[in-house]
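Chains as they are written, first to last, in this note's numbering: chain A, 171 to 635; chain B, 84 to 185. Glycine included, each C-beta is placed from N, C-alpha and C at the ideal position. In this text the structure is predicted, and so the values were computed from the model without any measurement. First the structure, in the form of structure tokens, and then the observations on it.
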Amino acid sequence: MAGTTIKIGAEDNNKRRSATSVMPSFFSQTPVSNPMGTEANATQSSRLLDYGVLEQYLGFRVGDSSGPRFTSTVDGRLSSSDLHSQAFNMTHPSTSTLLPGSQAMQFHKSLAPMPNIVSASSAQHENWGDSNMTDSSSHTDTSTDVEPRDKNLQFEMGQSAAVVISDYTDKSEERTQDQKTQRRLAQNREAARKSRLRKKAYVQQLENSRLKLTQLEQEVQRARQQGVFIASTADQSHAGSANGALAFDAEYARWMEEQNRHINELRTAVNSRTNDAELRNIVNNVITHFNDVFRLQGNAAKADVFHILLGMWKTPAERCFLWIGGFRPSELLKLLVNQLEPLTEQQLTGIFNLQQSSHQAEDALSQGMDALQQSIAETLATGSSGSQGSSGNVANYMGQMAMAMGKLGSLEGFIRQADNLRQQTLQQMHRVLTTKQSARALLLINDYFSRLRALSSLWLARPQE
Amino acid sequence: MERVRDLASKKAVVIFTKSSCFMCHSIKALFYDLGASPAVHELDQDTKGREMEWALKGLGCNPTVPAVFIGGVFVGSSKDIISLHVEGSLKQMLINAKAIWF
């Protein structure tokens, strides 16, 4: 596209040209759009076309200096501060007129941030994007090359350069430029083709992965229905939290295995009526083991609070009855009380008090959670009216988000206290009950959750019309 | 520290909180539910709030809020309160401090 390379030296911005020079803004560095025919503007100080032919053509003094040289690049990557390094490839001129000034070269105004170059003395020195180039220019035919600043620079360059360069271009140079252009175009085509092929390959890969994913999901579903515990990783959307969540899921799976072993040990001990001391040992093991999972949950909550809060690793039925990431202690006690008979008066009172205390604590924590939710909702709902203007709205929005983010951080604390409550309740229950009763209680709890999990699997596997 | 002690001795149950703390909301709710009427001091609304927070940290309160004093004695933060309540000790402490009667 570039027919000619024009070397124009960059010059000091504030250099003032002599009166006869009129078109320093020929190259984009200067957003001058004065038509060529206008009177020389002494304040025009931008680049000069150091070009003998041009000089003659233009009939103005190229400059009081040696003639700055700069080259321009079509892609318009101009750094206003570094005029010397600009390399322009001008498109082949199509018209015969040389139009100095902005009309010839349409560059984004942003690329030519040297307003001081633009002569203020003449009203003709419009902004680049100004389309009123058709004023006193004698080269009205080129004024159509004046384009809005947000048009493609290359396009503009092509047009304008074409306009500008035409005549005086050396023919041989033209041919060389032609070759260069052709080569570059060929390279572009090649690159585009390669890019398309890459994209196609990538899409193909994605399709394959998708198929594989659906297959895997089906397998997991089938396995779950058969009661196999499989950690759910369905909702990992963020890599960081995904790692925390996946790690926790794996740890939880391991914990479950250990817990099952402990429970089996306990069951055999209860059935075989081992002595109290040994039983107490085993019971302590189980209860201490519960502490492990609460600790794991607390750590995981730091990495991915929603994963824990929503019980993502649990089966659907368990998840349904979740309270802040786990079971509700008072509910559990209610289930146990009837099955632990006979209980002494003292024990009954103890269990009843425990039920009441845990229930009160649950209520308190729930109230805190509600307040938190309400507060976040209020923060997000505070809409900004349009009156502030766009920047005000953005700042407002970001402020809202920051505040809401801070509030979300409290969730982790609630999970920790909820787990603490569960842990304390289990320990207190153990204190109130005898060893044998504790053993039975733990077995009952375990059975309850197993059945809940089995219920989930059955539900998922149920035949649907 | 002085201010903390001073305020803590003024009422049977004194809780230091922050308006931004939602766990404080929970602990307050628990005390109301038990029938106690704690005196609540919000550290972020107090000019000496920062120093008071330091003092609480010095007492070993972690997190610093909510910080609960019963009968002028430092009891602990949310974890301690919940543990004590589940044990059954909290109620007795409140009765002893004459915050509640039953």
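Does any residue of chain A have a CB that is nearer than 8 Å to the CB of residue i?
{"i": "residue 196 of chain B", "result": "One cannot answer for residue 196 of chain B here, as it falls past the ends of chain B, which runs 84 to 185."}
{"i": "residue 124 of chain B", "result": "no"}
{"i": "residue 89 of chain B", "result": "no"}
{"i": "residue 109 of chain B", "result": "yes"}
{"i": "residue 131 of chain B", "result": "no"}
{"i": "residue 182 of chain B", "result": "no"}
{"i": "residue 113 of chain B", "result": "yes"}
{"i": "residue 161 of chain B", "result": "yes"}
{"i": "residue 169 of chain B", "result": "yes"}
For residue i, I'd like the list of residues in its chain whose CB is within less than 6 Å of its CB, leaving aside the five on either flank, ordered along the chain.
{"i": "residue 542 of chain A", "result": "580"}
{"i": "residue 236 of chain A", "result": "Reliability fails at residue 236 of chain A, whose pLDDT of 44 lies under 50, so the model's placement of it is uncertain and no value is given."}
{"i": "residue 432 of chain A", "result": "455, 456 and 459"}
{"i": "residue 421 of chain A", "result": "466"}
{"i": "residue 222 of chain A", "result": "Its pLDDT being 48, under 50, residue 222 of chain A is placed unreliably in this model, and the value from its coordinates should be taken loosely. Around residue 222 of chain A: no qualifying Cβ."}
{"i": "residue 489 of chain A", "result": "481"}
{"i": "residue 567 of chain A", "result": "none"}
{"i": "residue 631 of chain A", "result": "395"}
{"i": "residue 176 of chain B", "result": "153"}
Using a beta-carbon distance below 8 Å, is residue i in contact with chain B?
{"i": "residue 299 of chain A", "result": "Residue confidence for residue 299 of chain A is low, a pLDDT of 39 falling below 50, so the modelled location carries little weight; the figure read from the coordinates is stated next. Not one chain B Cβ lies under 8 Å of residue 299 of chain A."}
{"i": "residue 551 of chain A", "result": "no"}
{"i": "residue 590 of chain A", "result": "yes"}
{"i": "residue 538 of chain A", "result": "yes"}
{"i": "residue 506 of chain A", "result": "no"}
{"i": "residue 461 of chain A", "result": "no"}
{"i": "residue 594 of chain A", "result": "yes"}
{"i": "residue 523 of chain A", "result": "yes"}
{"i": "residue 542 of chain A", "result": "yes"}
{"i": "residue 466 of chain A", "result": "no"}
{"i": "residue 570 of chain A", "result": "no"}
{"i": "residue 495 of chain A", "result": "no"}
{"i": "residue 429 of chain A", "result": "no"}
{"i": "residue 531 of chain A", "result": "yes"}
{"i": "residue 534 of chain A", "result": "yes"}
{"i": "residue 516 of chain A", "result": "no"}
{"i": "residue 620 of chain A", "result": "no"}
In terms of residue numbering, what span does the alpha helix (DSSP H) encompassing residue i cover?
{"i": "residue 579 of chain A", "result": "Careful: residue 579 of chain A lies outside any alpha helix (DSSP H) and carries neither H nor E."}
{"i": "residue 476 of chain A", "result": "475-479"}
{"i": "residue 134 of chain B", "result": "132-141"}
{"i": "residue 507 of chain A", "result": "499-507"}
{"i": "residue 611 of chain A", "result": "605-631"}
{"i": "residue 482 of chain A", "result": "Where residue 482 of chain A is concerned, there is no enclosing alpha helix (DSSP H), given that its DSSP letter is neither H nor E."}
{"i": "residue 634 of chain A", "result": "Residue 634 of chain A -> no alpha helix (DSSP H), and no H or E assigned at all."}
{"i": "residue 112 of chain B", "result": "105-117"}
{"i": "residue 85 of chain B", "result": "85-91"}
Beta strand (DSSP E) containing residue i: first to last residue?
{"i": "residue 100 of chain B", "result": "96-100"}
{"i": "residue 158 of chain B", "result": "156-159"}
{"i": "residue 151 of chain B", "result": "150-153"}
{"i": "residue 548 of chain A", "result": "Not the beta strand (DSSP E): residue 548 of chain A falls in the alpha helix (DSSP H), residues 515-551."}
{"i": "residue 122 of chain B", "result": "122-125"}
For residue i versus residue j, is the C-beta distance shorter than 8 Å?
{"i": "residue 627 of chain A", "j": "residue 394 of chain A", "result": "yes"}
{"i": "residue 153 of chain B", "j": "residue 122 of chain B", "result": "no"}
{"i": "residue 169 of chain B", "j": "residue 527 of chain A", "result": "yes"}
{"i": "residue 584 of chain A", "j": "residue 539 of chain A", "result": "yes"}
{"i": "residue 173 of chain B", "j": "residue 164 of chain B", "result": "yes"}
{"i": "residue 160 of chain B", "j": "residue 146 of chain B", "result": "yes"}
{"i": "residue 117 of chain B", "j": "residue 531 of chain A", "result": "no"}
{"i": "residue 87 of chain B", "j": "residue 139 of chain B", "result": "yes"}
{"i": "residue 496 of chain A", "j": "residue 588 of chain A", "result": "yes"}
{"i": "residue 552 of chain A", "j": "residue 570 of chain A", "result": "yes"}
{"i": "residue 414 of chain A", "j": "residue 356 of chain A", "result": "no"}
{"i": "residue 101 of chain B", "j": "residue 148 of chain B", "result": "yes"}
{"i": "residue 91 of chain B", "j": "residue 143 of chain B", "result": "no"}
{"i": "residue 434 of chain A", "j": "residue 162 of chain B", "result": "no"}
Give me, in chain order, the residues of the same chain whose beta-carbon lies closer than 8 Å to that of residue i; leave out the 5 immediate sequence neighbours on both sides.
{"i": "residue 152 of chain A", "result": "Residue 152 of chain A falls outside the range modelled here, since chain A spans only 171 to 635, and no answer is possible."}
{"i": "residue 593 of chain A", "result": "460, 461 and 464"}
{"i": "residue 629 of chain A", "result": "486 and 487"}
{"i": "residue 475 of chain A", "result": "578, 581, 582 and 585"}
{"i": "residue 545 of chain A", "result": "577"}
Mind reading off the beta-carbon distance from residue i to residue j? Whole number of angstroms is fine, and I expect it under 8 Å.
{"i": "residue 105 of chain B", "j": "residue 135 of chain B", "result": "With a Cβ gap of about 20 Å, residue 105 of chain B and residue 135 of chain B do not count as contacting."}
{"i": "residue 505 of chain A", "j": "residue 524 of chain A", "result": "13 Å between Cβ atoms; not a contact."}
{"i": "residue 614 of chain A", "j": "residue 509 of chain A", "result": "6 Å"}
{"i": "residue 446 of chain A", "j": "residue 605 of chain A", "result": "5 Å"}
{"i": "residue 109 of chain B", "j": "residue 535 of chain A", "result": "5 Å"}
{"i": "residue 612 of chain A", "j": "residue 453 of chain A", "result": "7 Å"}
{"i": "residue 603 of chain A", "j": "residue 517 of chain A", "result": "6 Å"}
Taking 7 Å as the limit between beta carbons, can you name the residues of its chain near residue i, skipping five residues before and five after?
{"i": "residue 625 of chain A", "result": "487"}
{"i": "residue 529 of chain A", "result": "500"}
{"i": "residue 428 of chain A", "result": "459"}
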